[in-house]
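A.B. asks: I have a structure here, written as structure tokens, and I will follow up with some questions on it.
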Amino acid sequence: MSENQYTPLSIAEDAYKQQLFSIPLYQRLFEWGSEQIMRLMEDLCHAYIYQPNHPYYIGMLTAIPSKNGILQLVDGQQRFTVMMLLGITFGWSEFIRVEESTRLKFVARETDEEFLSVLVGIKKCDEEQIHRIANLKMNNALEIIDRFIQDKSLDKKAFGNFIYRHLTFFISKLEEEYTMTELNTYFERMNTTGKALEPHEILKVNLLSKLRTDRKSEYTRLWNACSMDDQMLFKPTRYNRILSDEEADNNSYERCRWKYQNAILRILDKDAITPVLEVARDILQDTKEDVRGKEIINVRPMEDPMNNNPNNRRRRRNSIFTLLTFPEYLLQILYITLGFAGDNSNERLEEITTTDFFNEHKLIETFNRYIPMINVEVFFRNLLLYRLLTDYFMVRYSDNDDEPYPFQLYKDFGRKEEIRQFETMLYSASSAMTYYYWVAPLMVWLGEEVKIARGLYINETNILKKMEELDNIWHPNPFAEDGDVGEALRYGRIDRYYFWRIDFFLWKNRAKFFLEPKQRNLANDYIFRRNRSIEHIAPQHFGEDKTRFNWSVLQKTNPDDAALKDDIGNLCMISSGQNSSLHDSAFEVKRGHIESYLANSISGHIESLKMLYVYAHYPIWTLDNIRAHHQETLSWLEESYQVGLT
Numbered sequence: 055m056s057e058n059q060y061t062p063l064s065i066a067e068d069a070y071k072q073q074l075f076s077i078p079l080y081q082r083l084f085e086w087g088s089e090q091i092m093r094l095m096e097d098l099c100h101a102y103i104y105q106p107n108h109p110y111y112i113g114m115l116t117a118i119p120s121k122n123g124i125l126q127l128v129d130g131q132q133r134f135t136v137m138m139l140l141g142i143t144f145g146w147s148e149f150i151r152v153e154e155s156t157r158l159k160f161v162a163r164e165t166d167e168e169f170l171s172v173l174v175g176i177k178k179c180d181e182e183q184i185h186r187i188a189n190l191k192m193n194n195a196l197e198i199i200d201r202f203i204q205d206k207s208l209d210k211k212a213f214g215n216f217i218y219r220h221l222t223f224f225i226s227k228l229e230e231e232y233t234m235t236e237l238n239t240y241f242e243r244m245n246t247t248g249k250a251l252e253p254h255e256i257l258k259v260n261l262l263s264k265l266r267t268d269r270k271s272e273y274t275r276l277w278n279a280c281s282m283d284d285q286m287l288f289k290p291t292r293y294n295r296i297l298s299d300e301e302a303d304n305n306s307y308e309r310c311r312w313k314y315q316n317a318i319l320r321i322l323d324k325d326a327i328t329p330v331l332e333v334a335r336d337i338l339q340d341t342k343e344d345v346r347g348k349e350i351i352n353v354r355p356m357e358d359p360m361n362n363n364p365n366n367r368r369r370r371r372n373s374i375f376t377l378l379t380f381p382e383y384l385l386q387i388l389y390i391t392l393g394f395a396g397d398n399s400n401e402r403l404e405e406i407t408t409t410d411f412f413n414e415h416k417l418i419e420t421f422n423r424y425i426p427m428i429n430v431e432v433f434f435r436n437l438l439l440y441r442l443l444t445d446y447f448m449v450r451y452s453d454n455d456d457e458p459y460p461f462q463l464y465k466d467f468g469r470k471e472e473i474r475q476f477e478t479m480l481y482s483a484s485s486a487m488t489y490y491y492w493v494a495p496l497m498v499w500l501g502e503e504v505k506i507a508r509g510l511y512i513n514e515t516n517i518l519k520k521m522e523e524l525d526n527i528w529h530p531n532p533f534a535e536d537g538d539v540g541e542a543l544r545y546g547r548i549d550r551y552y553f554w555r556i557d558f559f560l561w562k563n564r565a566k567f568f569l570e571p572k573q574r575n576l577a578n579d580y581i582f583r584r585n586r587s588i589e590h591i592a593p594q595h596f597g598e599d600k601t602r603f604n605w606s607v608l609q610k611t612n613p614d615d616a617a618l619k620d621d622i623g624n625l626c627m628i629s630s631g632q633n634s635s636l637h638d639s640a641f642e643v644k645r646g647h648i649e650s651y652l653a654n655s656i657s658g659h660i661e662s663l664k665m666l667y668v669y670a671h672y673p674i675w676t677l678d679n680i681r682a683h684h685q686e687t688l689s690w691l692e693e694s695y696q697v698g699l700t
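In this note's numbering, the protein residues as written are 55 to 700.
Here it is, written out as structure tokens:
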């Protein structure tokens, strides 16, 4: 167990055995109602039945020492009060009492403290006195807990023992020099922005506990800065706000690039951790976000442990995010720190199952396995270094349809758009299930190249070649293998990656394939997206119009012709929404849809360049045309491997 990780049992028996906790006056009264208590009990019961050997996390308690030695709960009083009530129900005498005192005290709330003293058995009162001092919310919670145990026919002793040993939380101590105003501000902020304790926040506490240093608060701020995926670490002025003509500074992006270059080189130049923490300090001085001040020195807490959806990225309209969620990014950094990303032939790679290693839902489990194999200071160094490199060299994801993949910092030396498109193709073809194979080795290579170049300008052709090299490892040339490539590219068998690769080939050679200006404009503006719905150009089902093929009849009369239905020549990949709207439409109807794009009567971007090519070059769709396009598609793919995409 982490040294910052506790259960009621460990509080009662270990370092905090004699520790008292108090709830300051500025804290709210106990507010949990029936619904919250019931949801907690349901959750605990589920864990008791199905995960009896695993911890059940309820979050972080944030405390500050007082002069009398009592820890004041700046945040977490609701949860600690509930633990006291559970202790009263199940008889955890050593947890709820410290000699002749309740473990939880209330500042300037004499009746609540008196009532709790009665509940834990320190003080006796008659019914009239109890009625006078009773806290109705606490009473209600106790009744719900008792009724829940009875209704579920639970073994009270066994259930209580499970909670005593497995109800798990963390304690974060703030610095003592806080003023009352600062504490109140901190408390208000936590209650405004508080959220469920996420796995990566638990991981942060575990990693910090491995550091033997007095600079943990600096490491914490470094982590917090890297975890904010909706902003760059250094932001150009124009990124922060819209400037008037008088305010606008043409060099704001240049200054920002200089900051990135300076920070990256400072980290690369020395193996020592001090420059890393200095860079982190500079970043936090450069931002106005909450990670700057001492008030955010640990994970954000949760007041309601049941609202826990730990791996969701909270998106706001027009916000711009790193390509990977923070848990996904952490796994990439662990992969790099273990030494797996620099050499793909590394024998140690045999130790891991990549789909398990990069599964963000197994974040804690994966780190627990590999933490003993890494230097935690090196991990924090890599966390910041590669986040800086990611900010500069990687596209970002945006909710803005006009520019869904902004490439903000990278300075254009001629092939910027090509790099952007290649990255977005790789991202579109990636997922958590395919573990973003290309990300970690590309980041390591970029770091090495920056160190050699002593700057952020790296030959763009070399960047493209490196991405293509990684892509070809991930998706090797199918034409180099024995067997019928056409069969592997049929509906039901095809790896969707090949549709994205074909579209990149068409985009790269758009001047050759799209001769009409309107077609060229659509191709110029093409955006790679994670569309995954495969559309049959000639519909699968026969209709009344004469433009469709009756595949069932063809199967009986000419199986070779019937097989064309599922050949790649008759397929393209679009969004599920467009697939639904065009489903079983005749070729002419679908062609009319593309012509609407060409006439600008439909806004937005074309979803498939392969589809654009078909409807631009084939006025009708016959079996011979399907065969011809099938051969065209195979020739494009083969050329893309022989000549290369870049």
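Just so it is clear, CB atoms sit at the ideal spot from N, CA and C, and this is done for glycine as well.
Can you give the beta carbon distance from Trp499 to Leu480, rounded, assuming they're within the 8 Å contact cut?
C.D. replies: Not really, about 14 Å apart at Cβ, beyond 8 Å.
A.B. asks: Straight-line CA distance for Asp614 to Arg681?
C.D. replies: Distance between the alpha carbons of Asp614 and Arg681 is about 11 Å.
A.B. asks: Measuring only the C-alpha atoms, how far is Leu391 from Leu625?
C.D. replies: The question names Leu, yet the displayed sequence has Thr at residue 391. Thr391 and Leu625: Cα-Cα distance of roughly 42 Å.
A.B. asks: Return the chain-ordered list of same chain residues with a C-beta closer than 7 Å to the C-beta of Thr687, the five sequence neighbours on each side being excluded.
C.D. replies: Cβ within range, chain order: Ile556, Ile622, Gly623.
A.B. asks: Tell me whether the beta-carbon of Thr376 lies closer than 8 Å to the beta-carbon of Thr420.
C.D. replies: For Thr376 and Thr420, no; Cβs fall outside 8 Å.
A.B. asks: Can you tell me whether Ile327 is helix, strand or coil according to DSSP?
C.D. replies: Ile327 falls in the coil class under three-state DSSP.
A.B. asks: Going by C-alpha to C-alpha distance, which of Ser639, Lys270, Lys313 sits closest to Pro290?
C.D. replies: Checking every option, the nearest Cα to that of Pro290 belongs to Lys313.
A.B. asks: In whole angstroms, give me the CA-to-CA distance for Gln72 and Ala66.
C.D. replies: Answer to the nearest angstrom: the Cα atoms are 8 Å apart.
A.B. asks: For Pro530, count the other beta carbons within 10 Å of its own beta carbon; 16 or more makes it buried, fewer makes it exposed. Which is it?
C.D. replies: When all chains shown are included, Pro530 counts as exposed.
A.B. asks: Which complete beta strand (DSSP E) runs does the region 75 to 143 hold, if anything under 3 residues is left out?
C.D. replies: With a minimum length of 3 residues, the continuous beta strand (DSSP E) runs that stay inside the region 75 to 143 are 75 to 77, 110 to 119, 125 to 129.
A.B. asks: Would Glu471 be called buried (16 or more neighbouring beta carbons within 10 Å of its own) or exposed?
C.D. replies: Classification of Glu471: exposed, given that the 10 Å Cβ count is below 16.
A.B. asks: Across the region 96 to 104 and the region 199 to 217, are there enough close Cβ pairs to call them in contact, namely three or more that are closer than 8 Å?
C.D. replies: Segments in contact, yes.
A.B. asks: Specify, as a first and last residue, the run of the alpha helix (DSSP H) that Lys416 falls within.
C.D. replies: Careful: Lys416 lies outside any alpha helix (DSSP H) and carries neither H nor E.
A.B. asks: State the Cα-Cα distance for the pair Ala542 and Asp466, rounded to the nearest angstrom.
C.D. replies: Their backbone Cα atoms lie some 39 Å apart in a straight line.
A.B. asks: So, with DSSP's three-state summary, where would you put Val493?
C.D. replies: The answer is helix: DSSP assigns Val493 an H, G or I state.
A.B. asks: Rounding to the nearest angstrom, what Cα-Cα distance links Asp180 and Ile150 in this structure?
C.D. replies: About 22 Å.
A.B. asks: For the alpha helix (DSSP H) that Cys280 lies in, which residues bound it at each end?
C.D. replies: Residues 270 to 281.
A.B. asks: Excluding the 5 residues flanking Lys270 on each side, which residues of the same chain have their C-beta closer than 8 Å to its C-beta?
C.D. replies: Leu262, listed in sequence order.
A.B. asks: Could you pull out every residue in the same chain whose Cβ sits closer than 6 Å to the Cβ of Tyr490, ignoring the five residues on either side in sequence?
C.D. replies: Same-chain partners within the cutoff: Ser484.
A.B. asks: For the region 522 to 552, list the alpha helix (DSSP H) runs that are entirely contained and at least 4 residues long, ordered along the chain.
C.D. replies: Qualifying alpha helix (DSSP H) stretches, in chain order: 539 to 542.
A.B. asks: Return the CA-CA distance between Val432 and Ile327, expressed in angstroms with no decimal places.
C.D. replies: Computed Cα separation, rounded: 8 Å.
A.B. asks: With DSSP run on the structure shown, which of helix, strand or coil describes Leu377?
C.D. replies: DSSP places Leu377 in coil when its eight states are reduced to three.
A.B. asks: Counting only runs that start and end within the region 595 to 629, where is the beta strand (DSSP E) found for 3 or more residues in a row?
C.D. replies: Listed in chain order, they are 625 to 628.
A.B. asks: Please return the same chain residues whose Cβ sits closer than 8 Å to the Cβ of Thr515, not counting the five positions on each side in sequence.
C.D. replies: Same-chain partners within the cutoff: Arg469, Thr700.
A.B. asks: How many Å lie between Tyr64 and Gly145 at the Cα?
C.D. replies: According to the sequence as given, residue 64 is Ser; it is not Tyr. Each residue's Cα considered, the two are about 16 Å apart.
A.B. asks: Determine, using beta-carbon pairs with one atom in the region 374 to 388 and one in the region 434 to 452, whether at least three such pairs fall under 8 Å.
C.D. replies: Yes, the region 374 to 388 is in contact with the region 434 to 452.
A.B. asks: When you compare the CB positions of Ser694 and Phe559, do they come within less than 8 Å of one another, or not?
C.D. replies: A contact, by the Cβ cut-off of 8 Å.
A.B. asks: Report the residue from Leu417, Tyr218, Arg550, Ala212 whose alpha carbon sits nearest the alpha carbon of Lys258.
C.D. replies: Ranking the options by Cα distance to Lys258, first place goes to Leu417.
A.B. asks: Residue range of the alpha helix (DSSP H) that Phe160 falls in?
C.D. replies: Looking at the DSSP string, Phe160 is not in any alpha helix (DSSP H); the run it does join, the beta strand (DSSP E), is 158 to 160.
A.B. asks: Note down, in chain order, each residue of its chain lying with its Cβ closer than 6 Å to the Cβ of Thr247, except the 5 sequence neighbours on either side.
C.D. replies: Only weak support exists for where Thr247 lies, its pLDDT of 40 falling under 50; the value from the coordinates is given anyway. Answer for Thr247: no residue qualifies.
A.B. asks: Have a look at Met286 and Asp68 and give me their C-alpha separation to the nearest angstrom.
C.D. replies: About 42 Å.
A.B. asks: Hey, Ile142 and Leu196 are a contact pair by Cβ (cut 8 Å); roughly how many whole angstroms apart?
C.D. replies: Correct: roughly 7 Å between the Cβ atoms.
A.B. asks: Please classify Val345 as buried or exposed, where buried requires at least 16 other C-beta atoms within 10 Å of its C-beta.
C.D. replies: In this prediction, Val345 has a pLDDT of 39, which is less than 50 and means its spatial position is unreliable; nothing more can be read from the coordinates.
A.B. asks: Closest by CA to Ile112, which one among Ile256, Ile77, His185?
C.D. replies: Nearest of Ile256, Ile77, His185 to Ile112, Cα basis: Ile256.
A.B. asks: Less than 8 Å between the beta carbons of Val330 and Ile321, yes or no?
C.D. replies: Taking 8 Å as the Cβ cut-off, Val330 and Ile321 qualify as a contacting pair.
A.B. asks: Could you tell me how far apart the beta carbons of Val697 and His683 are, in whole angstroms, since I believe they sit closer than 8 Å?
C.D. replies: Actually they are not in contact, since the Cβ atoms of Val697 and His683 sit about 20 Å apart, beyond 8 Å.
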